[in-house]
Amino acid sequence: MKSLIFKTASTYLLPLLLLFSIFILLRGHYLPGGGFVGGLMASIAFLIHSFAFGLKETQHIIRINPGFLMPIGLVLAVGAAVAPFFIGAPVLKGLWFEEQFRFIGIVGSALFFDVGVYLVVIGATLTIMFSITDTV
Amino acid sequence: MIILPIIFQFVAGIILLFFWRKTTIQKVLSIIFSIIGLGISIWLFFLVWENGIMTTQSGDWKAPFGISFVADTFAVAMVLLSSISGLAVSIFSAGSMRKERLEFGYFPIFHFLIMGLQGAFLTGDIFNLYVWFEVVIIASFVLLTLGGKKAQLEGALKYVSLNLLASTLFLVGIGFIYGLTGSLNMADVAIKLDNLANRGLVNVTSGIFLVAFGIKSAIFPMYFWLPASYHTPPAAVSAIFAGLLTKLGIYAMLRTFTLMFGGDEFMGDILVILAALTILSGGLGALLQQNLGKIFGYLIICHIGFLIAGLGMYTELAIMGTVFYLIHDIIVKTNLFLVSGLILKINGTQDIRELGGMYKNFPLLSLLMAIPLFSLVGIPPLSGFWAKIFLIQAGLQTNDYVLIGFIILGSFLTLWVIARIWGEVFWKNGVELPKKANGLYFSQMSRIDQFLMVFPIVLLSAISLYIGFGAENIALLSQRITSELMDPSAYIEAVLGLKTITP
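In order, the protein sequences belong to chains D and S.
If you read the first sequence in our numbering, its first letter stands for residue 1, the second for the next number, and so on.
If you read the second sequence in our numbering, its first letter stands for residue 1, the second for the next number, and so on.
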């Protein structure tokens, strides 16, 4: 799209939306949000960028093939799921660190699971959208 | 602990995803993973065989609230069977699958499919069962369409639309259950449904489940999607579909009807009638077809009828017959489609009018292929024979003479079909078929690929021979499964951890 307003806006929107998606991801444990919505939001950020600057430019700023995010995300999610296995608890039990982290709060295995979902969603949506834009 | 098979298959799929487009590594890894998966299943099987029912509560949420996984003898036996077929199909696909399909993630999806199946077998939660069904459908849809030929897409469309309809009905049924009992844990639901006064509503719910699982397992009025789609994908894919996907519906039926709905008179009659019609329509359909894949597709339907028949009669012996038949059928049906794939690779066609001369050209291979074909018919002492004996005995006990008639008719129809295949494909003098330009023939393949295609058939044939000759052990196994199914109090106790009051 060759609109100056859209281009200028999208350069600002990209970091803002990415930050917001991480915010949504982190608040997801007790409040509305989580990995899935966060992931969708992050992929929308990249999508808007690709509308404004074209597919090549967006692929350039992502650097890696988005399809590669899927197995990484899955590994994180499975890792979080089977982690309790090693201390003798049933699979998927939520484990929590004792101390609070600054800004983030208490971190538990559920967060890693959510991050995994986040990455899988970004990977899947971007792969789908890129292959559609590629063929159109 | 008991969900190890599921997690292992999941991890296997993920590791394979990292080797995207590196097909040779994927082949080797997939076979190795399948062997390890089989090892895990065997270990789990013997663990449960020794110790009885085992449960795990995922996330450490106590039973009626969290999702429970339950490994009783039936579940682990099914997991073991699915691992065996999975291994066979994995080896066969390594030999036969075309490169284009492998490049688009055939093996990872295949392992996700096995994961979905094993999850469905092990779960103790009705909604979780639905989720596993969805995993299976999505994975199978990808497998069905990989390659993107026109016929494949057409078959896949019918398959997916019908199966989505079934899933929706299943979901509606779950909604009913939740409305009636306020619980989704199958053991908990079983207790609460037992004490419910409104039997009419319970019957309606079980009817919805019957339709939903009926579509999935292709029983009488809802079977037409199966012959339309099962012959379109490559043989390896149809083999796993034929061996396990329709049987998943039967498994779900056996599980829910024995555990949650109990033996209901009305339901039993409907099931018996449906079984008779399924046997008839499947058998007659198989007679009419000329394409090997379609014939086997109709034979699946025919034998689903036998399985339903046992469930319909609902006596100890009948359920035992069904379980025995299920064990036999999974191995044999997987094997049959592998055989049809091998015949396709050798001759380049699956039309039985064009085929011929297999026995003259490949006498040893033909003898090998005879094993699954004739154990399907149930020629003693091959495996199908014993299962039918139990079913017929059960019919004599409950005086269902019409049903016995249909079972015998179904066996004769199968015999007729198999005799026709044997005559046309193996004994008839073959004509020289025009060579197709695309595609590799069996004789042109490398030694390793040839071995990879024949070995799984040998493996599965050996197992079905074992089911036939070691019928005593399998009968013992089915007896134990049946006693657990017919008296669910042990199951309920294991899940909920409390003594149930049996009225």
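All C-beta atoms in this analysis are idealised placements derived from N, C-alpha and C, irrespective of residue type, glycine included.
Values in this document were obtained by computation on a predicted structure and should not be read as measured data.
Residue i, DSSP secondary structure in three states
{"i": "S:Thr56", "result": "strand"}
{"i": "S:Ala12", "result": "helix"}
{"i": "S:Ala187", "result": "helix"}
{"i": "S:Asp194", "result": "helix"}
{"i": "S:Asn51", "result": "helix"}
{"i": "S:Ser68", "result": "strand"}
{"i": "S:Phe451", "result": "helix"}
{"i": "S:Asn291", "result": "strand"}
{"i": "S:Ala166", "result": "helix"}
{"i": "S:Asp351", "result": "strand"}
{"i": "S:Thr232", "result": "coil"}
{"i": "S:Ser489", "result": "helix"}
{"i": "S:Asn429", "result": "coil"}
{"i": "D:Ser3", "result": "coil"}
{"i": "D:Tyr30", "result": "coil"}
{"i": "S:Pro380", "result": "coil"}
{"i": "D:Pro71", "result": "helix"}
{"i": "D:Lys93", "result": "coil"}
{"i": "S:Met253", "result": "helix"}
{"i": "S:Arg505", "result": "There is simply no residue 505 of chain S to check, as chain S begins at 1 and stops at 503 in what is shown."}
{"i": "S:Asp400", "result": "coil"}
{"i": "S:Trp225", "result": "helix"}
{"i": "S:Tyr298", "result": "helix"}
Beta-carbon spacing of residue i, residue j below 7 Å
{"i": "S:Gly243", "j": "S:Ser478", "result": "no"}
{"i": "S:Asp449", "j": "S:Gly147", "result": "no"}
{"i": "D:Leu13", "j": "D:Ile48", "result": "yes"}
{"i": "S:Leu317", "j": "S:Ala394", "result": "yes"}
{"i": "S:Val204", "j": "S:Leu196", "result": "no"}
{"i": "S:Phe306", "j": "S:Thr256", "result": "no"}
{"i": "S:Gly155", "j": "S:Val70", "result": "no"}
{"i": "S:Gly357", "j": "S:Asn429", "result": "yes"}
{"i": "S:Leu403", "j": "S:Val323", "result": "no"}
{"i": "S:Ile279", "j": "S:Gly410", "result": "yes"}
{"i": "S:Ala228", "j": "S:Ala166", "result": "no"}
{"i": "S:Leu16", "j": "S:Phe112", "result": "no"}
{"i": "S:Val417", "j": "S:Met369", "result": "no"}
{"i": "S:Ala236", "j": "S:Val136", "result": "no"}
{"i": "S:Gly297", "j": "S:Leu413", "result": "no"}
Where the alpha helix (DSSP H) through residue i begins and ends
{"i": "S:Gly95", "result": "73-96"}
{"i": "S:Phe127", "result": "126-145"}
{"i": "D:Arg63", "result": "That residue, D:Arg63, is in no alpha helix (DSSP H); it is neither H nor E in DSSP."}
{"i": "S:Met115", "result": "106-122"}
{"i": "S:Leu326", "result": "316-347"}
{"i": "S:Asn510", "result": "What is shown of chain S runs 1 to 503, which leaves residue 510 of chain S out entirely."}
{"i": "D:Ala52", "result": "35-53"}
{"i": "S:Tyr359", "result": "358-361"}
Residue i at chain S interface by Cβ criterion, 7 Å
{"i": "D:Lys2", "result": "no"}
{"i": "D:Pro71", "result": "yes"}
{"i": "D:Val91", "result": "yes"}
{"i": "D:Leu18", "result": "no"}
{"i": "D:Leu76", "result": "no"}
{"i": "D:Met129", "result": "no"}
With 16 other Cβ atoms within 10 Å as the buried cut-off, status of residue i
{"i": "S:Trp49", "result": "exposed"}
{"i": "S:Ala63", "result": "buried"}
{"i": "S:Thr23", "result": "buried"}
{"i": "D:Ser131", "result": "exposed"}
{"i": "D:Tyr30", "result": "exposed"}
{"i": "D:Ala110", "result": "buried"}
{"i": "S:Asn473", "result": "exposed"}
{"i": "S:Glu484", "result": "buried"}
{"i": "D:Tyr118", "result": "buried"}
{"i": "S:Val431", "result": "exposed"}
N- and C-terminal bounds of the beta strand (DSSP E) containing residue i
{"i": "D:Ile106", "result": "105-108"}
{"i": "D:Gln100", "result": "96-101"}
Beta carbon proximity, residue i to chain D, threshold 7 Å
{"i": "S:Pro503", "result": "Any reading at S:Pro503 must be qualified, since the residue scores a pLDDT of 39, below 50, and its modelled position is unreliable; the value itself is stated next. No, its Cβ sits nowhere closer than 7 Å to a Cβ of chain D."}
{"i": "S:Phe110", "result": "no"}
{"i": "S:Thr500", "result": "Low confidence applies here, because S:Thr500 scores a pLDDT of 44, under 50, leaving its location unreliable and the question unanswered by this model."}
{"i": "S:Asp60", "result": "yes"}
{"i": "S:Gln57", "result": "yes"}
{"i": "S:Ile138", "result": "no"}
{"i": "S:Ile3", "result": "yes"}
{"i": "S:Phe18", "result": "yes"}
{"i": "S:Ile504", "result": "The structure shown does not extend to residue 504 of chain S, since chain S is modelled only from 1 through 503, so no value can be given for it."}
{"i": "S:Gln9", "result": "no"}
Cβ-heavy atom distance, residue i to the ligand HEM, below 6 Å
{"i": "S:Pro221", "result": "Among the ligands in the structure shown, none appear at all, so the ligand HEM cannot be discussed."}
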